[in-house]
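Notes to accompany the following structure.
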Amino acid sequence: MNDKKLNQLFAAARREKPPTVPADFAERVQRGLGQAASSTPVVINFWDQLNRNFARYAVAAAAMIMLCAAVEISQSFSHDPSIDDDVNQICSDWMLH
Amino acid sequence: MIDLALRIAIDRTPNKKTSLVENDDAELVARVRAGSPDAYTDLVRHNQQQVFSILHRYERDIHLVEDLAQETFTKAWRALDRFDGRAPFQHWLSRIAVHVALDHVRRRKRLGGTFSLAEIGEDSVAWLRDELPPRELEGRQAREILELAMQALSPAEQVVITLMEIEGHSIKEICSLTGDSSVAVRVRAMRARSKLRKAIEKLEDSEHE
Numbered sequence: 003m004n005d006k007k008l009n010q011l012f013a014a015a016r017r018e019k020p021p022t023v024p025a026d027f028a029e030r031v032q033r034g035l036g037q038a039a040s041s042t043p044v045v046i047n048f049w050d051q052l053n054r055n056f057a058r059y060a061v062a063a064a065a066m067i068m069l070c071a072a073v074e075i076s077q078s079f080s081h082d083p084s085i086d087d088d089v090n091q092i093c094s095d096w097m098l099h
Numbered sequence: 240m241i242d243l244a245l246r247i248a249i250d251r252t253p254n255k256k257t258s259l260v261e262n263d264d265a266e267l268v269a270r271v272r273a274g275s276p277d278a279y280t281d282l283v284r285h286n287q288q289q290v291f292s293i294l295h296r297y298e299r300d301i302h303l304v305e306d307l308a309q310e311t312f313t314k315a316w317r318a319l320d321r322f323d324g325r326a327p328f329q330h331w332l333s334r335i336a337v338h339v340a341l342d343h344v345r346r347r348k349r350l351g352g353t354f355s356l357a358e359i360g361e362d363s364v365a366w367l368r369d370e371l372p373p374r375e376l377e378g379r380q381a382r383e384i385l386e387l388a389m390q391a392l393s394p395a396e397q398v399v400i401t402l403m404e405i406e407g408h409s410i411k412e413i414c415s416l417t418g419d420s421s422v423a424v425r426v427r428a429m430r431a432r433s434k435l436r437k438a439i440e441k442l443e444d445s446e447h448e
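In structure tokens:
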């Protein structure tokens with residue numbers, strides 16, 4: 003195989019005419035872009051998500067605070083030793099030593 | 240004097256046409272950015288033939304060429320914000336088309352779609368065998384033989400040799416289209432020619448057996 007034959011191949015390939023573009027190609031591209039835009043999922047960042055669910059998070063946080071307060075009050079009435087008592091006991095022991 | 244004036248007029252004609260097209264494209268890009276949906280359809284119409292001309296060098300199936308052209312225009316639309324207007328829109332679009340073609344060649348090679356000597360036309364085989372009298376090879380036959388031989392090349396080598404030998408681009412233009420350095424383009428072109436020569440010799444031998 004000499005270069006002349008390879009060059010003949012390239013020259014012949016250069017002469018090949020490109021295909022005819024379909025008449026409605028541009029419209030099809032436009033339709034494809036429209037479909038792609040409508041099917042693209044909307045990306046929501048952390049702050050958007052927080053903003054969207056703020057009311058739910060606020061109610062959940064308030065419920066948690068009320069629950070903790072209720073437990074604390076009920077324990078104070080029952081005179082059971084609480085974690086505060088244990089901590090005070092440890093502190094006083096350590097100070098005496 | 241008249242000759243000189245005529246020559247100047249002839250010399251200026253293509254430049255004027257090119258700049259008119261560039262101005263049209265620039266205006267259409269500005270309209271797309273301003274939110275006019277129809278402007279992009281006009282931009283596609285202006286440039287579709289050029290994109291098809293690039294892509295059909297890498298794929299013979301017209302339906303696949305259409306899919307690749309659609310992919311090119313979709314990518315261009317998505318990246319339009321990054322088009323800074325320093326180069327003509329046509330050149331920017333050609334770069335996208337070349338990269339779409341490169342991805343297509345890579346995908347085809349990865350999937351292992353092979354094309355054998357049995358699938359090419361008898362006239363192409365006869366040309367390979369040197370059984371035909373010296374005559375000009377038809378474009379379709381040349382494409383068949385080249386596609387068969389180019390299976391021995393890497394995707395990047397296929398793109399470089401196509402741009403250089405079939406599309407007739409200079410090294411500098413290929414660097415701009417592919418984003419490769421001039422050294423890489425020269426080395427790939429040299430390797431590609433050598434591999435093609437060997438692949439075609441192999442085809443000739445296999446046919447003689």
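Chains as they are written, first to last, in our numbering: chain A, 3 to 99; chain B, 240 to 448.
Where is the CB? At the ideal position from N, CA and C, for every residue including glycine.
Residues near residue i by beta carbon distance below 7 Å, same chain, minus five either side
i	result
residue 398 of chain B	337, 340, 341, 344 and 417
residue 283 of chain B	312
residue 331 of chain B	322
Nearest-angstrom Cα separation, counted from residue j out to residue i
i	j	result
residue 278 of chain B	residue 33 of chain A	14 Å
residue 12 of chain A	residue 404 of chain B	6 Å
residue 457 of chain B	residue 424 of chain B	Lying before the first or after the last residue shown, residue 457 of chain B is absent from chain B, which here runs from 240 to 448.
residue 272 of chain B	residue 420 of chain B	32 Å
residue 47 of chain A	residue 314 of chain B	24 Å
residue 298 of chain B	residue 321 of chain B	28 Å
residue 408 of chain B	residue 396 of chain B	14 Å
residue 414 of chain B	residue 402 of chain B	10 Å
Neighbour list for residue i in chain A, Cβ cutoff strictly below 7 Å
i	result
residue 316 of chain B	35
residue 295 of chain B	20 and 21
residue 384 of chain B	11
Residues near residue i by beta carbon distance below 6 Å, same chain, minus five either side
i	result
residue 363 of chain B	380, 383 and 384
residue 334 of chain B	416
Proximity to residue i [Cα-Cα], best of the options
i	options	result
residue 388 of chain B	B:413, B:271, B:305 and B:433	B:433
residue 292 of chain B	A:97, A:18 and A:13	A:18
residue 349 of chain B	B:323, B:386, B:378 and B:393	B:393
residue 15 of chain A	B:269, B:299, B:377 and B:346	B:377
residue 280 of chain B	A:25, A:10, A:76 and A:55	A:25
Close beta carbons around residue i, own chain, < 8 Å, minus the five adjacent residues each side
i	result
residue 400 of chain B	389, 392, 427, 428, 431, 432 and 435
residue 263 of chain B	285
residue 319 of chain B	268, 271 and 272
residue 266 of chain B	none
Contact set between residue i and chain A, taken where Cβ atoms lie within less than 8 Å
i	result
residue 379 of chain B	18
residue 304 of chain B	21
residue 435 of chain B	8
residue 425 of chain B	The contacting residues do not exist; residue 425 of chain B stays about 17 Å from chain A at best.
Under 9 Å by beta carbon: chain A residues contacting residue i
i	result
residue 313 of chain B	31, 34, 35 and 38
Chain-ordered chain B contacts of residue i [CB-CB under 7 Å]
i	result
residue 52 of chain A	Going along chain B, no residue has its Cβ under 7 Å from residue 52 of chain A, so there is no contact; the nearest lies around 28 Å.
Any chain C beta carbon closer than 9 Å to residue i
i	result
residue 376 of chain B	Considering every chain present, this structure includes no chain C. Its protein chains are A and B.
Exercise for review: Report the residues of the segment 14-27 of chain A with a CB closer than 9 Å to any CB of chain B, ordered along the chain.
Suggested key: Under the 9 Å Cβ criterion, the segment 14-27 of chain A contributes 14, 15, 16, 17, 18, 19, 20, 21, 22, 23, 24 and 27.
Review point. Can you list, in chain order, the residues of the segment 267-292 of chain B whose Cβ is nearer than 7 Å to any Cβ on chain A?
Key: Answer set for the segment 267-292 of chain B: 279, 280, 283, 284, 287, 288, 291 and 292.
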